[in-house]
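Here the structure is laid out as structure tokens; the discussion comes afterwards.
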Amino acid sequence: MRVVALFKNPLFLSIVGIIALSLAVWFGGAYIAFGSPPEPLTPMIRLVMIIIILVLWGLNNLRIQIRDKNRNDSFIAEIDKETEAKETSDTATTEEMAALQARFKEALSTIKTLRFGEKGKHKKTVYELPWYLIIGPPGSGKTTILANSGLNFPLKEKFGLKGIGGIGGTRNCDWWFTDQAVLIDTAGRYTTQDSQQQVDKSAWQNFLELLKKHRPRKAINGVIVAISVSELLMLSRSERHQHADTIRDRIHELRTKLEINFPIYFVITKCDLIAGFNEYFEDLGQAAREQVWGISFPYDENSGRVILDYFSGEFDALVKRINERLIWRMHNERDATRLGKIQNFPTQFETLKVMLNQFVNDVFSDNRYQSAPLLRGVYLTSGTQEGTPIDRILSSLSSNYGLDVKSLTSAPGQGKAYFIQRLLTEIIFRESGIVGLNRAFERKLKLVRRIATVSMLAITIGIIGVWGASLFHNKQLMAQVENKITAHNQAVAAAADKDHDLDQSHDLEKVAEIITPLDESRTVYNQLSTPWLASLGMYDNSVSQASTQAYLSSLQNYYLPALSYRLQKVIDSNPSDDELYNALRIYLMLGDKTRMQPDSVKRWFKEDWIKQLPSKATLQKTLAVYMDDTLGLNETLGNTFIPARLDPGVVEQARIKAREVPIERRIYNQIRNHPEYSRTVNLVNEVGRELKDIFNLRKIGNKLTIPSMFTKAGYDALDFSKDSPLIRQYASEQWILGTEVSEDFSDQDIENIGAKVKTIYLAEYSEVWKQALAVLNIRNFANLPDARAALKVATSSTSSPIDKIIEIASTETSLTPRIKLLAAKEGDQGLLAEAKQAIKNQALPPTTVDQHFADIHRLTDDHELETIQKKLTSLSELLNGFALAPNQQAAAFDFSRERFSGSGNDPIRNLLVAAGQVPAPINRWLKKIADQSWKVTLSSGKQHLNQLWHNEVYALYQSSLRGRYPFSGNTSDDAALIDFTEFFKPGGIEDRFINSHLAPFISQGNNWSQRSLNGRSMAIAKNALSQMKRADTIRKVFFRKSASQPEIDFKIKPRQMDSSVRRFEIRLGDIRIRYTHGPKLSKSLAWPVSSGSSIQLLFEDINETLRDKIYTGDWSLFRVLDDSKIQTTNQASLFYVTLEVEKRKIQYELKANSFLNPFRSSWMRQYACPETL
């Protein structure tokens, strides 16, 4: 048992745990590594950790002891304080009260230092002991039970074997301090509910609050309800019920105030007053009397009614057990009187059942307002066997039969305790832990414990998980590294097959394929940003270090040679002087750490990759990272640059070529490529977004991007004197050409070189600006609104792109001051000083840039820009006037007609004149603006012209002539002669329109054509001109004699007729023309015939058979000719016409008065009035 108790001892378990933890630290520390590089914990560190753990454990144990002592002292102190606080409110101030208070204080002071418990076990303070309250009426035998319980009372020697009276909240209670529990007899509280009720109630509740405060989990461990047998047997039913209510109220008061469900032990005292009890149990020895006699209910906090129902059966079991012992007890008894009492004892005991059952139900049953208390059992005890036994049987006989029965004499006090000691020690005190906990406090405590438990579990699982995940992750990372190494080896093997092809073996894409796996392998372990914490000591960076070293070696073995080879290729490719010098310079830097300039190297290769590796941005970024790592610019890798091995032959050959370039050109090239001057000025940004509103910026690219060195600020920043640091720096770079010894420049040499460099600079300066201005072209105008919008921007007083670009060009190319420029400043103050300074500055000759752009400077100096703006504004107003007119297109047409006629105000011509007076490219811009404005004006006017043509000409043609004969041969519908006349006559519809609207735009000669003005025409279609030419021909043929009536004169003369025909006759209205193989006479005719419009052809055969054909309509003559065969002759006006009816033929000579054959309608069918021009 002692071994089991030892293993249950908290101190022993704590020692075992701390030893286990120390062993884990000592042995486990050798396998866990920390730091960089990671190393296992040394024995000294592990020993220190173990000492720290032991110190913390000891301090924690000390903290717990101090905490328990403080709790105990604080609890007792507050009880004492409560006593003093209540003293002033007590009305009783007698000497007895003072003595009682002094006795209670002395008791508290004593128990404050006492420790309770068995020897060899954990000693408890009074705070830690179980606390029980005893409820029951005074005189119920509670004190007797405690006095005869056999318990150890530590205060017995000093205060005697009796309860210590309380003061304050417990002044009507007795305190019993044992080595196993603290018991408080509340008999006074039981009987003082009517006197000073509020004062007593407040004091008692304060005491309960004190218990709840200092013992928050278990304010008390249980309640003992004690009631004597005499109370049950002698009182009436109502009196017993009153006692039950009182006890129930006390229990409810405690449960409500303390908020716990405590166990209740119902003890029946003074059982020796049951008749026959003493005689029946007299034979019991000491051990038998200490056992428990009663009923212990099954433990269930929510037993409710079930436990109360359980009481009846268990009580019967007690009765049965007594009856079973009765025979044996009677057999051993010789006294007849005592024998009768023994024999009646079971019956006497059984009579308790009904009353006891009622009382238990009254006290411990539940109802709708209160839940059932936790009744643990009903027990029967006897203390000192004093008093007169009660014989329920004799009393019943006396009552029922009127017998005079003598009362039983009281038994002499024996001083034996029955069924008490083990009840307290083995039942009540042993169950001190089953008290229900304070729910509110327990909820908080449970939450804290759960959080702590979950946290510890989470930490434990987390540590195990991190270790497991670290192991698993490390295996994964190792697998990744192995895969990367495999990929690297495969790429190396593939490259080895192409060693004979230098271009392939040094191809940067192939090199990247070799290096990238190693680069990725070294970063595999970088996924652990804090490896010592993430792996809790299981991280090992040796693999990462090896991967990094392999990566650096691959840079040295593959990447750096590829860079060198690329430079060699550039040097051998016959580059320009500038490219050769720069490539040689970078090549030498790769082979000489002292000459290395990382920024220059990176810049050169970045520009080269853009050209050599287009559309491969990812590869370029990767190569740039490798560049930083190779040149030692990566801080994590350190300065790892190892110079490349250069080819002396390549170096020497490049130097020979480079020396052929004049030094001034080499220096200028270096200055031009200097990072300080690599910045650019974008003219589009400088002018503003309005630039695209007037200029065509498509396909310009970066041609409007000016290097900053070709600006006025760049010019002022450059120093070409002998003291120029740049000139001296680049002049001293003989190490590039290998001429450190042979070239030693003096100050005069430096000055001469600077002058030559400046000459080159100014020449390129002029060319850059010349090209920038040359690429600017006025955009095409789509229509009049577009032209108006463009001119609105161009004529803006604040944002005109033309003005801005001219002013920027003038400012940036004015490298020396000009007198006119200074004189243009406003204000008279200081004007004389400015003039003097201007004269002084004028002594500096203008640069070649100033001279080249002098004409543009004149525009800004002489306010000629204002004149240009006026011309542009005038043109803008003209176009705006079109928009304000009732008909914009008509206004544009009228202006176009006037301009072709050479009349009216002409802003376009004025702008063209102004363009001839300004320098390039401004003259080109102005001409383009004038041209585009003229273009859209003509285009708009053409729309109006088409509308007029459609309404005035084409619509009439369509309704009266189109599709009719003679303009269409496959129709029987003739064009009315009057309609023909109105359309084609001189001054008719078609002719009048041409003279009114088209005459200024066309030339009406043999070949009609359009006229142009400033390279633009009305854009009349060739087909339209051809049709107008045909209409003019029709007019000349049909209206040669009369302008109001078409008329054609002609002569006919028979040539031959078929021999089978006797007579032929032509009837034209009333005119008859006959031929009978006689003389061939000429006959003059005219069309149209006034006497009629029909024509009849009549053939009479020799047998007098008549054959004829009749043609009707105004155009009958032309229909006859269409059906005839017409042959031309050498004479333009002479034709042979063969007439035929039913295979009867006759041929006439037809002589027209025009070289055109007016009688052949096919030429007229070629005319078709165009719908638009």
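Per the working numbering, residue 99 is the first one in the sequence shown, and the count goes up by one each step. All residues carry an ideal CB built from backbone N, CA and C; glycine is no exception. Computed from a predicted model, the values in this text were never measured in an experiment.
{"Check": "The region 455-475 in contact with the region 359-366 per 3-pair CB rule at 8 Å", "Outcome": "yes"}
{"Check": "Glu-484 versus Leu-371: straight-line alpha-carbon distance, rounded", "Outcome": "8 Å"}
{"Check": "Which listed residue (Ser-1158, Asn-421, Gln-1225 and Ser-844) has its alpha carbon closest to that of Asn-1201", "Outcome": "Ser-1158"}
{"Check": "8 Å CB neighbourhood of Ala-752 in its chain, flanking five on each side removed", "Outcome": "Ile-669, Leu-678, Ala-681, Leu-682 and Tyr-685"}
{"Check": "Distance between Met-694 and Met-687 (C-alpha atoms, nearest Å)", "Outcome": "5 Å"}
{"Check": "Ranges of the alpha helix (DSSP H) found wholly within the region 700-742, counting only runs of at least 4", "Outcome": "715-728"}
{"Check": "Beta-carbon proximity check, Arg-1205 vs Val-1235, cutoff 9 Å", "Outcome": "no"}
{"Check": "Sub-9 Å separation of Phe-879 and Ala-907 beta-carbons", "Outcome": "no"}
{"Check": "Cutoff 9 Å: Asp-690 Cβ touching any chain C Cβ", "Outcome": "Given the protein chain composition of this structure (a single chain), no chain C is represented."}
{"Check": "For Leu-1075, the nearest candidate out of Arg-1242, Val-748, Phe-1136 and Asp-884 (CA to CA)", "Outcome": "Phe-1136"}
{"Check": "Exposure of Ser-1180, with buried meaning 16 or more beta-carbon neighbours within 10 Å", "Outcome": "exposed"}
{"Check": "Those residues which DSSP pairs with Leu-1196 across a bridge", "Outcome": "Glu-1163 and Asp-1206"}
{"Check": "Contact the region 850-868 vs the region 710-719: 3+ CB pairs below 8 Å", "Outcome": "no"}
{"Check": "The beta strand (DSSP E) enclosing Asn-878, as first and last residue numbers", "Outcome": "Where Asn-878 is concerned, there is no enclosing beta strand (DSSP E), given that its DSSP letter is neither H nor E."}
{"Check": "Same chain, Cβ closer than 6 Å to Ile-792, five either side skipped, listed in chain order", "Outcome": "Ala-888, Val-891, Ala-892 and Pro-899"}
{"Check": "Extent of the continuous alpha helix (DSSP H) to which Leu-352 belongs", "Outcome": "335-356"}
{"Check": "Strand pairing of Ile-1244, partner residues [DSSP]", "Outcome": "Met-1155 and Leu-1237"}
{"Check": "Integer Cβ distance of Leu-957 from Ile-904, believed to fall under 8 Å", "Outcome": "6 Å"}
{"Check": "C-beta contact flag for Phe-1148 and Leu-1248 at 9 Å", "Outcome": "yes"}
{"Check": "Cβ distance (whole Å) where Val-476 is taken to contact Glu-448 below 8 Å", "Outcome": "Between Glu-448 and Val-476 the Cβ distance is about 15 Å, and since that is not below 8 Å, they are no contact."}
{"Check": "Three-state secondary structure assigned by DSSP to Asn-46", "Outcome": "Outside the shown range of the chain (99 to 1271) lies residue 46, about which nothing can therefore be said."}
{"Check": "Cα-Cα separation, Ile-150 to Ala-122", "Outcome": "14 Å"}
{"Check": "Spatial neighbours of Ile-349 in its chain, beta-carbon cut-off 6 Å, leaving aside the 5 residues before and after", "Outcome": "Pro-471"}
{"Check": "Chain-order list of residues whose beta-carbon lies under 8 Å from that of Tyr-230 (same chain, five-residue window excluded)", "Outcome": "Ala-279, Val-280, Leu-281, Ile-282, Ile-318, Asn-319, Gly-320, Val-321, Ile-322 and Ile-526"}
{"Check": "Opening and closing residue of the beta strand (DSSP E) in which Asp-272 lies", "Outcome": "272-275"}
{"Check": "Bridge partner(s) assigned by DSSP for Ser-1110", "Outcome": "Ser-1115"}
{"Check": "Presumed contact (8 Å Cβ cut-off) between Ile-1150 and Tyr-1246, rounded CB distance", "Outcome": "5 Å"}
{"Check": "Opening and closing residue of the beta strand (DSSP E) in which Ser-326 lies", "Outcome": "320-326"}
{"Check": "Integer-rounded CB distance, given that Gln-654 should sit under 8 Å from Ile-740", "Outcome": "6 Å"}
{"Check": "Beta-carbon separation (whole angstroms), Ser-463 vs Ile-325, contact threshold 8 Å", "Outcome": "Not really, about 17 Å apart at Cβ, beyond 8 Å."}
{"Check": "The ligand NAD heavy atom lying under 8 Å from the CB of Ser-334", "Outcome": "You won't find the ligand NAD in this model; it holds no ligand whatsoever."}
{"Check": "Integer Cβ distance of Ile-518 from Thr-479, believed to fall under 8 Å", "Outcome": "5 Å"}
{"Check": "Beta-carbon proximity list for Pro-798, same chain, < 7 Å, skipping 5 on both sides", "Outcome": "The residue asked about is misnamed: residue 798 is Ile in this sequence, not Pro. Answer for Ile-798: Val-873, listed in chain order."}
{"Check": "N-terminal and C-terminal residue of the beta strand (DSSP E) that Ala-1184 is part of", "Outcome": "1181-1185"}
{"Check": "Inter-stretch contact (C-beta, 8 Å, three-pair minimum) for the region 1057-1065 and the region 1026-1045", "Outcome": "no"}
{"Check": "Enclosing alpha helix (DSSP H) for Arg-956 [first to last residue]", "Outcome": "952-959"}
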